[in-house]
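Chains as they are written, first to last, in this note's numbering: chain A, 423 to 780; chain B, 92 to 393.
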């Protein structure tokens, strides 16, 4: 049994009321037929660019939005139409949404008071959650006396005390500065491993998604493009959207007879660095280079395997080949690293042989 | 560019100190002329024997105050004022909060409801009070007609003719008139609450009333206090509604300080006594304003 499952979920938002009255209903399909399931204890990340519907999906699971079509199941029961409070979910908002007039302790026990739990019982629970998240010294403070990271932990504690069937996290790291984000990400992951609660996590940041997720669901325009482990979505993208959305810099795509040939920048290397038995060679004209945290990002044009295309190569620090802007050099990609997509539609396609081995 | 044209200089309009004065001057003049001078004049009159018939100024010390204190009507109108203000303020805040919730809600035809809600505030007081006068007329009152036809009353209530119902009517009209203002003020506070917080409370399992009393109201308390302050001040200093509706009657049952000062000082002609009565508005108003402003500041500091 899945903890959370959505079936054929569609959510449309009406445009402006007046526009609708005048008969030009400009409906926005925020979710366009989403099927997705999170297994017990799983860390499922919803990843996509802004406006792809990932937050709407999360809010629909939470019960803050009602789906236009389709079903939401939590613990095997259809919860459509049920208010958030009976859904056994806990949500951490992007802004954390702590109650500013309540102390940290009052914030944490608020959901328990709403449940009608006895006072000593809820104090015990609050203490347990505070200990788990290491915020006991803060219990008497007000939210605005806390740093961003502390607020996040308070929001987690408030979510945790309810023993929810599922945690819903809506970009909880986006309000932290870059340095805090790395630590907080690590904390989040360890926290979930300790509690073992199913978690659905929304983000637009692929580094967060790759780092946190057991599985990643890539969304675009209200549709799920691919669901898979971080390795699957990175190494075997289902279509060109996933291929170019994930990875920084993104996958290179070269057009060739109605197909797109894709390869990751880190696999495009000077020819002597690629094993000779199964490699695809291509001449690469270097335009310019960037030196980023030890790697060289080389921008240039490849010819020979398809149409002339601008691509990026990422040479690790271990590759010492001297390169100059303007020169043309022989590069190569290991043959098993090539991915093929339909030129129209962008779906994965069968491999086609590309000549030019050694 | 040549050096001959001289360095660029800051003009008058660039000087903050000068600009500040120019901008402030009109309101300073306005306040001194229309608030400061009459206030000082009122203090001066309160210690004089000026009447409408004899405008010559003779200092009489606390004579006016002694006479006013001896008059039972003054104490009655002071009690009336406090009662009128307190009850109106509470009702204005309560109804203002309810109306504000309606104003922020999303439903069909909400522009029409908003228009209706704001109507009492935009109508001139004297005009709307005159229509209320007709509404509550002793013989032709449509309110009585409805109640009669519903079988709730046998004979007309004569709203403005009995002390209790007269005070209730005055309060009702005052509340009707000031509620829209309070509603708009509270609405500004409501829309300032981040949507997330309300949603978090819904997720946390809080029902409508718990959200209302534990989240919305605490977060809007400062603006509710401001709405209450406005309601109180505008009720405390106001005499339009009692004046038009009941003229302070029956037997001073709805006389408030402002109307009693007016009846005494202007209609009765004893300007000195009128001024002495009116001065009583000031310390009470001042204390009330400071109390509520301090409450607001304490809330903000939390």
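All C-beta atoms, glycine included, are put in the ideal place defined by N, C-alpha and C.
Can you tell which of the options has its C-alpha closest to the C-alpha of residue i?
{"i": "residue 531 of chain A", "options": "A:596, A:479 and A:547", "result": "A:547"}
{"i": "residue 513 of chain A", "options": "A:756, A:594 and A:659", "result": "A:594"}
{"i": "residue 458 of chain A", "options": "A:432, A:674, A:566 and A:626", "result": "A:432"}
{"i": "residue 640 of chain A", "options": "A:660, A:598 and A:486", "result": "A:660"}
{"i": "residue 429 of chain A", "options": "A:511, A:504 and A:495", "result": "A:495"}
{"i": "residue 587 of chain A", "options": "A:619, A:501 and A:734", "result": "A:619"}
{"i": "residue 298 of chain B", "options": "A:536, A:719, A:553 and A:710", "result": "A:536"}
{"i": "residue 303 of chain B", "options": "B:113, B:115 and B:191", "result": "B:191"}
{"i": "residue 654 of chain A", "options": "A:703, A:636 and A:474", "result": "A:636"}
{"i": "residue 159 of chain B", "options": "B:381, B:282, B:378 and B:370", "result": "B:370"}
{"i": "residue 342 of chain B", "options": "B:266, B:124 and B:167", "result": "B:167"}
{"i": "residue 134 of chain B", "options": "B:119, B:265, B:235 and B:150", "result": "B:150"}
{"i": "residue 295 of chain B", "options": "A:436, A:553 and A:582", "result": "A:582"}
{"i": "residue 185 of chain B", "options": "B:312, B:373 and B:387", "result": "B:312"}
{"i": "residue 556 of chain A", "options": "A:540, A:542, A:538 and A:576", "result": "A:576"}
{"i": "residue 507 of chain A", "options": "B:308, B:293 and B:114", "result": "B:293"}
{"i": "residue 612 of chain A", "options": "A:739, A:501 and A:634", "result": "A:634"}
{"i": "residue 421 of chain A", "options": "A:682, A:728 and A:752", "result": "The structure shown does not extend to residue 421 of chain A, since chain A is modelled only from 423 to 780, so the question has no answer here."}
{"i": "residue 718 of chain A", "options": "A:704, A:697, A:696 and A:745", "result": "A:745"}
{"i": "residue 449 of chain A", "options": "A:455, A:434 and A:543", "result": "A:434"}
{"i": "residue 678 of chain A", "options": "A:776, A:471, A:540 and A:483", "result": "A:776"}
{"i": "residue 658 of chain A", "options": "A:483, A:771 and A:456", "result": "A:771"}
Report all residues from its chain with a CB closer than 8 Å to the CB of residue i; omit the five preceding and five following residues, and keep chain order.
{"i": "residue 262 of chain B", "result": "175, 178, 179 and 182"}
{"i": "residue 525 of chain A", "result": "561, 562, 563 and 564"}
{"i": "residue 144 of chain B", "result": "360"}
{"i": "residue 39 of chain B", "result": "Since the first and last residues shown for chain B are 92 and 393, residue 39 of chain B lies out of range."}
{"i": "residue 504 of chain A", "result": "485"}
{"i": "residue 231 of chain B", "result": "225"}
{"i": "residue 379 of chain B", "result": "320, 323, 324 and 327"}
Residues in its own chain within less than 7 Å of residue i by CB, not counting five upstream and five downstream?
{"i": "residue 614 of chain A", "result": "465 and 621"}
{"i": "residue 109 of chain B", "result": "103"}
{"i": "residue 602 of chain A", "result": "570 and 571"}
{"i": "residue 274 of chain B", "result": "187, 190, 191, 194 and 208"}
{"i": "residue 234 of chain B", "result": "226 and 227"}
{"i": "residue 249 of chain B", "result": "229"}
{"i": "residue 462 of chain A", "result": "425 and 620"}
Excluding the 5 residues flanking residue i on each side, which residues of the same chain have their C-beta closer than 6 Å to its C-beta?
{"i": "residue 732 of chain A", "result": "723"}
{"i": "residue 759 of chain A", "result": "685 and 689"}
{"i": "residue 127 of chain B", "result": "none"}
{"i": "residue 363 of chain B", "result": "136, 139, 140, 141 and 155"}
{"i": "residue 241 of chain B", "result": "none"}
{"i": "residue 591 of chain A", "result": "514 and 623"}
{"i": "residue 268 of chain B", "result": "211"}
{"i": "residue 648 of chain A", "result": "640, 655, 660 and 664"}
Give the residues from the segment 276–297 of chain B that approach chain A closer than 8 Å (Cβ to any Cβ), ordered along the chain.
-> 285, 287, 288, 290, 291, 292, 293, 294, 295, 296 and 297
Can you list, in chain order, the stretches of the beta strand (DSSP E) that have 3 or more residues and sit fully within the segment 479–527 of chain A?
-> 491–496 and 511–514
Determine contact between the segment 318–327 of chain B and the segment 165–179 of chain B, defined as no fewer than three beta-carbon pairs at a distance below 8 Å.
-> yes
With a cut-off of 8 Å, do at least 3 Cβ pairs link the segment 469–480 of chain A to the segment 634–650 of chain A?
-> yes
Which residues, taken in chain order from the segment 308–334 of chain B, show a beta carbon closer than 9 Å to some beta carbon of chain A?
-> 309, 310 and 312
Completely contained alpha helix (DSSP H) runs for the segment 150–226 of chain B, where each covers 4 or more residues | 154–161, 163–195, 201–213 and 216–226
Residue ranges of each beta strand (DSSP E) within the segment 735–762 of chain A, 3 or longer | 750–756
Cβ contact (3+ pairs, closer than 8 Å) linking the segment 593–609 of chain A and the segment 622–641 of chain A | yes
Please specify which runs of the beta strand (DSSP E), each continuous and at least 3 residues long, are wholly inside the segment 612–675 of chain A, giving them in chain order.
-> 620–625, 637–642 and 645–650
Of all the beta strand (DSSP E) runs that stay within the bounds of the segment 289–342 of chain B, which reach a length of 3 or more residues?
-> none
Are there three or more Cβ pairs, one per stretch, closer than 8 Å when the segment 276–293 of chain B is compared with the segment 193–207 of chain B?
-> yes
Taking three-plus beta-carbon pairs below 8 Å as touching, is the segment 215–235 of chain B in contact with the segment 329–341 of chain B?
-> yes
Indicate whether the contact test is met: 3 or more Cβ pairs, each with one atom in the segment 708–715 of chain A and one in the segment 657–675 of chain A, closer than 8 Å.
-> no
Identify each residue in the segment 173–196 of chain B for which the Cβ-Cβ distance to at least one residue of chain A is less than 9 Å, and report them in chain order.
-> none
Given a limit of 7 Å on CB to CB distance, which residues of the segment 525–539 of chain A reach chain B?
-> 532, 533, 536 and 537
Does the segment 282–296 of chain B come within contact of the segment 515–525 of chain A, defined as at least 3 CB pairs closer than 8 Å?
-> yes
Using a Cβ-Cβ cut-off of less than 9 Å, list which residues of the segment 605–628 of chain A approach chain B; keep chain order.
-> none
Chain B contacts made by the segment 547–578 of chain A, where a contact means CB separation under 9 Å | 564 and 577
At a Cβ cut of 9 Å, what residues of the segment 497–509 of chain A count as close to chain B, listed as they run along the chain?
-> 505, 506, 507, 508 and 509
Mind listing which residues of the segment 103–123 of chain B have their C-beta closer than 9 Å to chain A's C-betas, in chain order?
-> none
Within 9 Å of chain B by C-beta, residues of the segment 475–493 of chain A in sequence order = 481, 484, 485 and 486
Quick one, which residues of the segment 462–473 of chain A are near chain B if we go by CB-CB under 7 Å, in chain order?
-> none
In the segment 548–598 of chain A, which residue ranges form an unbroken alpha helix (DSSP H) of at least 4 residues, counting only runs that do not cross its ends?
-> 570–582
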